[in-house]
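Q:
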Amino acid sequence: MLRRLLFVVALLPALAFAAGSFTLSSAEIKPNATIAEAQIFKGFGCDGGNVSPSLAWKNAPAGTKSFALTVYDPDAPTGSGWWHWVMFNIPADVNALPAGAGDPAGGKAPRGAIQSRTDFGKPGYGGPCPPKGDRPHRYIFTIHALKVDHIDADQDAGGALAGFMINANQIGKATFTGKYGRK
Numbered sequence: 007m008l009r010r011l012l013f014v015v016a017l018l019p020a021l022a023f024a025a026g027s028f029t030l031s032s033a034e035i036k037p038n039a040t041i042a043e044a045q046i047f048k049g050f051g052c053d054g055g056n057v058s059p060s061l062a063w064k065n066a067p068a069g070t071k072s073f074a075l076t077v078y079d080p081d082a083p084t085g086s087g088w089w090h091w092v093m094f095n096i097p098a099d100v101n102a103l104p105a106g107a108g109d110p111a112g113g114k115a116p117r118g119a120i121q122s123r124t125d126f127g128k129p130g131y132g133g134p135c136p137p138k139g140d141r142p143h144r145y146i147f148t149i150h151a152l153k154v155d156h157i158d159a160d161q162d163a164g165g166a167l168a169g170f171m172i173n174a175n176q177i178g179k180a181t182f183t184g185k186y187g188r189k
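Using our numbering, the letters of the sequence shown map in sequence onto residues 7 to 189.
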């Protein structure tokens with residue numbers, strides 16, 4: 007019996023690897039590549055399209071009951087970074103967002119999902135727009151697998167509050183980083 011148990015314990019990492027790791031990708035933004043003008047903010051001196059990129063994820067952890075999405079710039083000169091997009095209560099059966107889903111009025115976000123307030127002061131996607139002359143900033147796109155059906159927050163929740171609730175209920179995450187700078 008002990009041998010069988012040890013065999014099963016030794017086999018678990020191989021089984022987990024075979025199932026695939028939790029990943030996040032975008033057709034418009036490749037990892038560590040420059041973010042295109044279509045996704046750049048329109049305002050604050052930037053003249054981009056401010057269209058959220060399409061995103062897709064696969065191999066979510068077992069027990070996932072919902073997802074949350076965050077886009078965060080740790081390089082913003084604020085002392086606390088900058089939240090560019092926060093969406094939560096994405097149903098567990100959803101595994102992709104189309105381009106433009108970050109526009110709360112556009113109707114492309116999954117039913118029941120909530121887009122909360124970013125550091126631009128309103129809900130929805132706000133693209134990159136770092137200060138001129140800064141080195142390129144990193145924009146970290148993260149899909150969080152949550153152990154709850156929903157978190158108890160609304161569209162007025164800021165990034166830090168939503169982030170606290172997301173992290174308290176997270177069972178896994180997948181991430182990639184895009185970059186953008188202005189001369």
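Think of the CB as a built atom: it goes at the ideal place given N, C-alpha and C, for glycine as much as any other residue.
1. Using C-beta distances below 6 Å, list every residue in its chain close to Ala115, excluding the 5 sequence neighbours before and after it, in chain order.
2. Tell me whether the beta-carbon of Ile46 lies closer than 7 Å to the beta-carbon of Gly178.
3. Assuming Ala98 and Pro59 make a contact with CB atoms under 8 Å, what is their CB distance in whole Å?
4. Is it buried or exposed for Arg123, if we count other Cβ within 10 angstroms and need 16 for buried?
5. Can you tell me the Cα-Cα spacing of Gly153 and Arg141, whole angstroms?
6. Assuming Phe170 and Phe147 are in contact, meaning their beta carbons sit under 8 Å apart, how far apart are those beta carbons, in whole angstroms?
7. Are Ile172 and Leu30 closer than 7 Å when you measure CB to CB?
8. Using 8 Å as the threshold, is the segment 49-57 in touch with the segment 76-90, meaning 3 or more CB pairs across them?
9. Is Gln161 closer than 7 Å to Ile1 when the C-beta atoms are compared?
10. Counting only the same chain and skipping the five closest in sequence on each side, list residues whose C-beta sits under 6 Å from that of Leu61.
A: Quick look at the numbers:
1. For Ala115, where only same-chain residues beyond five positions count, the Cβ hits under 6 Å are Ala107.
2. Contact flag unset, no.
3. Not quite, the Cβ-Cβ distance comes to about 22 Å (not below 8 Å), so this is no contact.
4. Arg123 is buried by the Cβ-count criterion.
5. First, the amino acid is wrong: residue 153 is Lys here, not Gly. C-alpha separation (whole angstroms): 37 Å.
6. About 19 Å separates the beta carbons of Phe170 and Phe147, which is beyond the 8 Å limit, so they are not a contact pair.
7. For Ile172 and Leu30, no; Cβs fall outside 7 Å.
8. Inter-segment contact for the segment 49-57 and the segment 76-90 is absent: fewer than three beta-carbon pairs are separated by less than 8 Å.
9. Here the chain has residues from 7 to 189 only, and residue 1 is not among them.
10. Here Leu61 has Ser32, Leu103 as same chain residues with Cβ atoms under 6 Å from its own Cβ, once five neighbours each way along the sequence are excluded.
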